[in-house]
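Residue numbers (the working numbering), protein chains in the order written: chain A, 66 to 206; chain B, 66 to 206; chain C, 66 to 206; chain D, 66 to 206.
We put the beta carbon where it would ideally sit given N, CA and C, even for glycine.
Number of protein chains: 4
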Amino acid sequence: MSQLERVRAAFAAQGFMRTLGAELTALAPGRCVITCEFRADLTQHHGLFHAGVLTTLADNACGFAAMSLLPDGGEVLSVEFKTSFLRPGAGTAAIARGEVLKPGRTLSFCRADVFMRQPDGSETLAATMLATMMAAAPAPR
Amino acid sequence: MSQLERVRAAFAAQGFMRTLGAELTALAPGRCVITCEFRADLTQHHGLFHAGVLTTLADNACGFAAMSLLPDGGEVLSVEFKTSFLRPGAGTAAIARGEVLKPGRTLSFCRADVFMRQPDGSETLAATMLATMMAAAPAPR
Amino acid sequence: MSQLERVRAAFAAQGFMRTLGAELTALAPGRCVITCEFRADLTQHHGLFHAGVLTTLADNACGFAAMSLLPDGGEVLSVEFKTSFLRPGAGTAAIARGEVLKPGRTLSFCRADVFMRQPDGSETLAATMLATMMAAAPAPR
Amino acid sequence: MSQLERVRAAFAAQGFMRTLGAELTALAPGRCVITCEFRADLTQHHGLFHAGVLTTLADNACGFAAMSLLPDGGEVLSVEFKTSFLRPGAGTAAIARGEVLKPGRTLSFCRADVFMRQPDGSETLAATMLATMMAAAPAPR
């Protein structure tokens, strides 16, 4: 199994991604895109995407971008992240695009932007994240 | 309706809280506690609480703590937050305790700690958040 | 006086910029570059640029980028910022390039990258910041 | 030389601390306090403490708190930090109190509060930081 296949398997093994209905829509070394269609059960009390949903997508986009650059079998843990919410989470889908700013053996620094797809197909930037990911040994079987 | 009742109503109106099975377990002026029982559909790929779940709970604990101190009808938006993950999200429940560090007419600075309840009833600190919340006018009816 | 001239005047009025020997090397609406030559009195204990110096430059690059887009006379306060240190602060100068990601009447979201100039003239990215700036009324005279 | 003595030596070796006139006013395992008297050359353009000065003090309070818990000879690097500015930096001195929330062999999570000493001797909380510090091998001689 290649490391990119391992990333896809890790994504598929996350119960929370299924709960959100999120999909891994693009993956390349150092880059990851995750898409989540709008649903009423993902909202805050004004009916928009909950900030926690956008952050979850961005966290995974960063984490899997980092994991994609690790040696075979390497996994990642989220050390910390910071999200800024530039615009309300109003759209038909949320698209989190993550990239590795600086890979490392121990720590990888990542960034993700979360866009809202509008009914006309255009996108607006709703949130941006800076994250630190830590390489972890593969989980024992 | 008092402002604390408005906070409870806002919590109840969040579709995402129902999705997580989260409950507002304590509320007082400037303080808010949210509890979420562990479920397999809230996990990352090692079967622990997803960092996004812990962050969502902390975001709401901060936001509703801030909202509780606003003039009647005041609402809040998350401007930004930063979460540090001190320990793995392993436990039977996640408990986010939020408080307002500095209330303000426009911005409120908040902090939340997220604890993991262990099978023996003890708690361990898994994550901590610093957040900025912005007062918003009541949504139009 | 134009708003860009007000930014230059505010920069010149900061005692701490003179202490650092920092210069405002570029300014345009929504963008600001600040440069600081290396000196031994700006170091941490390994003789590299102190993280606090890099953060100070990035804070100002963000703040003045935000101020440049405000209506005439508008000033800014730093609400909060987060800096990630990707590489050691080793170089002959630090160059902080700030930009406004999302301007606003009350809050502006900004980003800055801090580069290290190397002896051969090339640059390496040492740090990156996400910042929130708040518009403040002009200080009374 | 004990590890606490190594922390004091590292503080003394920072050129930037001398530039700020900062002093290590308390040190214990997992805790560090740094104090800096107000001076006009540490200001932003309204004559208050520059946010960068407060952040520098908090960074060091966190870093040296973390270093104090490392095995003999261990040093730390700042991975990242986030500072929230709750109140203006107005006071006769800035006092940064740092503590380790969670020590670790590789990463230590820290928090610092920065207080402003008022002319009457009271203190107000001006800023708070969450920081991640990384253990580094001792620098080669």
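Residue-chain proximity (residue i, chain B), Cβ-Cβ < 8 angstroms
| i | result |
| --- | --- |
| V144 of chain C | yes |
| R152 of chain D | yes |
| L172 of chain C | yes |
| L166 of chain A | no |
| A105 of chain A | yes |
| T108 of chain A | yes |
Own chain partners of residue i with C-beta closer than 7 angstroms, once the 5 adjacent residues on each side are dropped
| i | result |
| --- | --- |
| L122 of chain C | A87, I99, C101, A159, A161 and V179 |
| R206 of chain B | Residue placement at R206 of chain B cannot be trusted, given a pLDDT of 46 that sits under 50; what the coordinates show is reported in the next sentence. Around R206 of chain B: no qualifying Cβ. |
| L113 of chain B | P153, G154 and A155 |
| Q68 of chain C | S133, L135 and D137 |
| L166 of chain C | F174, C175 and R176 |
| L151 of chain A | L190, A191, A192 and T193 |
| M181 of chain C | G154, A155, G156, A159, E188, T189 and A191 |
Reduced DSSP secondary structure (H/G/I, E/B, other) of residue i
| i | result |
| --- | --- |
| D178 of chain D | strand |
| M66 of chain C | coil |
| S149 of chain A | strand |
| G128 of chain C | helix |
| F114 of chain A | strand |
| L85 of chain C | helix |
| G163 of chain D | strand |
| S143 of chain D | strand |
| R71 of chain B | helix |
| T120 of chain D | helix |
| L135 of chain B | coil |
| A105 of chain D | helix |
| A77 of chain C | helix |
| R170 of chain B | coil |
| A158 of chain B | strand |
| A93 of chain B | strand |
| A202 of chain A | coil |
| G186 of chain D | coil |
Other residues of its chain near residue i: CB distance less than 6 angstroms, five sequence neighbours each side excluded
| i | result |
| --- | --- |
| C97 of chain D | A126, F129, A130 and G163 |
| M194 of chain C | A123, F146, T148 and A177 |
| A196 of chain B | C127, F146 and C175 |
| L142 of chain C | M199 and A201 |
| G169 of chain C | none |
| T120 of chain C | T148 |
| Q183 of chain D | G156 |
| G139 of chain D | A200 |
8 angstroms Cβ cutoff, residue i in contact with chain D
| i | result |
| --- | --- |
| F114 of chain B | no |
| L119 of chain A | no |
| S67 of chain B | no |
CB contact check: residue i to chain C, cutoff 8 angstroms
| i | result |
| --- | --- |
| L135 of chain B | no |
Cβ of residue i within 8 angstroms of any chain A Cβ
| i | result |
| --- | --- |
| A75 of chain B | yes |
| L122 of chain C | no |
| K147 of chain D | yes |
Close-in-space but distant-in-sequence residues of the same chain around residue i (CB under 8 angstroms, 5 per side omitted)
| i | result |
| --- | --- |
| V118 of chain B | L85, C101, L107, G154 and A159 |
| H115 of chain C | L107, T108, Q109 and G154 |
| L172 of chain A | V144, T197, M198, M199 and A200 |
| A78 of chain A | none |
| P94 of chain D | L69, S133 and L134 |
| F103 of chain C | F114, G156, T157, A158 and A159 |
Short CB-CB distance (under 8 angstroms) between residue i and chain F
| i | result |
| --- | --- |
| P94 of chain C | Absent from the structure: chain F. Protein chains present are A, B, C and D. |
Where the segment 177–205 of chain A meets chain D: residues whose CB sits under 9 angstroms from a CB there: Result list: L195, T197 and M199.
Inter-stretch contact (C-beta, 8 angstroms, three-pair minimum) for the segment 71–81 of chain D and the segment 185–195 of chain C: no
Residues within the segment 70–94 of chain B neighbouring chain A, beta-carbon criterion of under 7 angstroms: A75, A78, Q79, G80, F81, R83 and T84
Meets three-Cβ-pair contact criterion under 8 angstroms: the segment 135–153 of chain D and the segment 88–95 of chain D: no
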